[in-house]
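A short write-up of the structure that comes next.
There are 2 protein chains.
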Amino acid sequence: MSDLLERLRGRGWRLTAQRRVIAEVLDGDHVHYTADEVHDKAVSRLPEISRATVYNTLGELVSIGEVLEVATDGRAKRYDPNAHRPHQHLVCSRCGAIRDVHPRGNPVADLPAEERFGFVVQDAEVTYRGLCPNCASA
Amino acid sequence: MSDLLERLRGRGWRLTAQRRVIAEVLDGDHVHYTADEVHDKAVSRLPEISRATVYNTLGELVSIGEVLEVATDGRAKRYDPNAHRPHQHLVCSRCGAIRDVHPRGNPVADLPAEERFGFVVQDAEVTYRGLCPNCASA
DNA sequence: ATCGTACATTGGACAATGTCTAAGTCAAGA
DNA sequence: TCTTGACTTAGACATTGTCCAATGTACGAT
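Protein sequence lines correspond, in order, to chains A and B.
Going by our numbering, the first sequence opens with residue 1, and the numbers climb by one from there.
Going by our numbering, the second sequence opens with residue 1001, and the numbers climb by one from there.
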């Protein structure tokens, strides 16, 4: 994620303190914060950053493909900085914990032509559900 | 869906006019309404039905497994009456149209043990994304 | 057939998440 | 350093969902 700011500058983005802080918050593996969580963490580094900026910036990062938007539970969307390497998600149905996972094979290939209804299928998003070690033992 | 009311009675549910109307609205294949869409359609048959009843009833139908809850886009959840036969969803990224589809194989089998992080994996939900015939030709 | 009661429904307040706008601020090129 | 257009801000507003106290009603018991 350290070079995200460089990539953004290459796209003509202005490098503001707000964008720097948001990029820092989104750094790491298995990071899947909601917009408000990103905002909370950003506020602790830059107290006057506004919710609107966080929403705007996340939306822009998603639309240029630097961040993935994940809707695992119909509640708030979560933002995943690991957009450069394809992966899927494993979610605990009890506590909501999320891990990035890499299944074998290509799910799109498993959809037969006669099940495509004339759609141009671009990709597939897989959400595995189960119980995390903590919740399974409780 | 015609026998849904019978199954509900078997579970000790009271058969109210409201529940009957909601069951009627949810009848059919490729039905994926949001709660408010269900409410709108129900209102046209039973004008005084309230939003709270629709939300309550949908929530109960989901918790007993008669209806599936689908979060395809992080907006409103959609409700799928085809809970008895396993299937996945194909969504148009442009207009949001949804079809039920039946891929080959079992996606859970494609997740290697070393990618499970100690989770007890119960099932997998696959969302195929692409363009529907209308949007693809436009 | 009617009655009593536990269950269902209602409306409206509230909560959570997300969007929009007008006005002020600032990064970066000239 | 100046200028300017992009960025940020605060807060109003929109959408989706939840909760609660008051009211209504389905259905077994009488």
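We put the beta carbon where it would ideally sit given N, CA and C, even for glycine.
Own chain partners of residue i with C-beta closer than 7 Å, once the 5 adjacent residues on each side are dropped
i, result
"A/M1", "In this predicted model, A/M1 has a pLDDT of only 49, less than 50, meaning its place in the structure is not dependable enough to derive any value."
"A/L4", "A23, E66"
Reference residue i; option with closest CA among the options
i, options, result
"B/V1038", "B/D1123, B/E1048, B/H1030, B/Y1055", "B/Y1055"
"A/V67", "A/P133, A/Q18, A/D29", "A/D29"
"A/A17", "A/Y79, A/D73, A/P47, A/A83", "A/P47"
"A/G10", "A/H84, A/I64, A/Y128", "A/I64"
"B/V1120", "A/R99, A/V70, A/R20, A/E69", "A/R99"
"B/Y1079", "B/H1087, B/V1043, B/R1085, B/A1035", "B/A1035"
"B/V1062", "B/K1077, B/D1073, B/R1051, B/S1050", "B/K1077"
"B/G1118", "A/H84, A/S137, A/T127, A/E69", "A/S137"
"A/G74", "A/P86, A/H84, A/A83, A/G96", "A/G96"
"A/V31", "A/V43, A/E125, A/E69, A/I49", "A/E69"
"A/A83", "A/E125, A/R19, A/R20, A/V21", "A/E125"
"B/P1086", "B/A1052, B/R1045, B/D1123", "B/D1123"
"A/S44", "A/T127, A/V21, A/Y128", "A/V21"
Listed by chain order, chain A residues near residue i by CB distance under 7 Å
i, result
"B/G1105", "D110"
"B/G1142", "Chain B is shown from 1001 up to 1138; residue 1142 of chain B falls before or after that span and cannot be answered."
Same chain, Cβ closer than 8 Å to residue i, neighbours up to 5 away in sequence not counted
i, result
"B/K1041", "V1025, Y1033"
"B/R1019", "L1005, L1008, W1013, T1057"
"A/A71", "K77, R78"
"A/L15", "L5, L8, R9"
Proximal residues of chain A, C-beta to C-beta of residue i below 8 Å
i, result
"B/C1092", "F119"
"B/C1132", "F117, G118, F119"
Per-residue contacts from residue i into chain B (C-beta, under 7 Å)
i, result
"A/D99", "The sequence as given places Arg at residue 99 of chain A; Asp does not occur at that position. Chain B residues near A/R99: F1117."
"A/G96", "Those within 7 Å of A/G96 in chain B number zero; the least Cβ separation is about 13 Å."
"A/D3", "Neighbours of A/D3 on chain B: none; closest Cβ ~27 Å, over 7 Å."
9 Å Cβ cut-off: residues of chain B touching residue i
i, result
"A/H102", "L1111, P1112, E1115"
"A/A138", "Within chain B, no residue comes near A/A138; the closest Cβ sits about 12 Å away, beyond 9 Å."
Neighbour list for residue i in chain A, Cβ cutoff strictly below 9 Å
i, result
"B/S1080", "The amino acid occupying residue 1080 of chain B in the given sequence is Asp; Ser does not appear at that position. Result: empty, since nearest Cβ-Cβ is about 13 Å, beyond 9 Å."
Partners in chain B for residue i, counting only beta-carbon separations shorter than 8 Å
i, result
"A/A83", "Near A/A83 there are no residues of chain B at all, since even the closest Cβ is about 15 Å away, more than 8 Å."
Chain-order list of residues whose beta-carbon lies under 6 Å from that of residue i (same chain, five-residue window excluded)
i, result
"A/R51", "H39"
Any contact between the stretch 97-108 of chain A and the stretch 1101-1113 of chain B? By contact I mean 3 or more CB pairs, one from each, below 8 Å.
yes
For the stretch 112-122 of chain A against the stretch 43-59 of chain A, do three or more pairs of beta-carbon atoms, one drawn from each stretch, fall closer than 8 Å, so that the two count as touching?
no
Compile a chain-ordered list of the residues in the stretch 108-125 of chain A whose CB is closer than 9 Å to at least one CB of chain B.
V108, A109, D110, L111, P112, E115, R116, F117, G118, F119, V120, V121, Q122, D123, A124, E125
Are the stretch 1120-1135 of chain B and the stretch 1078-1096 of chain B in contact at 8 Å, needing three or more beta carbon pairs?
As far as the Cβ criterion goes, the stretch 1120-1135 of chain B touches the stretch 1078-1096 of chain B, which means the pair count is three or higher.
Check each residue of the stretch 31-54 of chain A: if its Cβ is closer than 9 Å to any Cβ of chain B, include it; give the result in chain order.
none
With 8 Å as the C-beta to C-beta threshold (strictly closer), list the residues of the stretch 15-31 of chain A near chain B in chain order.
none
Name, going along the chain, the residues of the stretch 54-71 of chain A whose beta-carbon falls closer than 8 Å to a beta-carbon of chain B.
E69, A71
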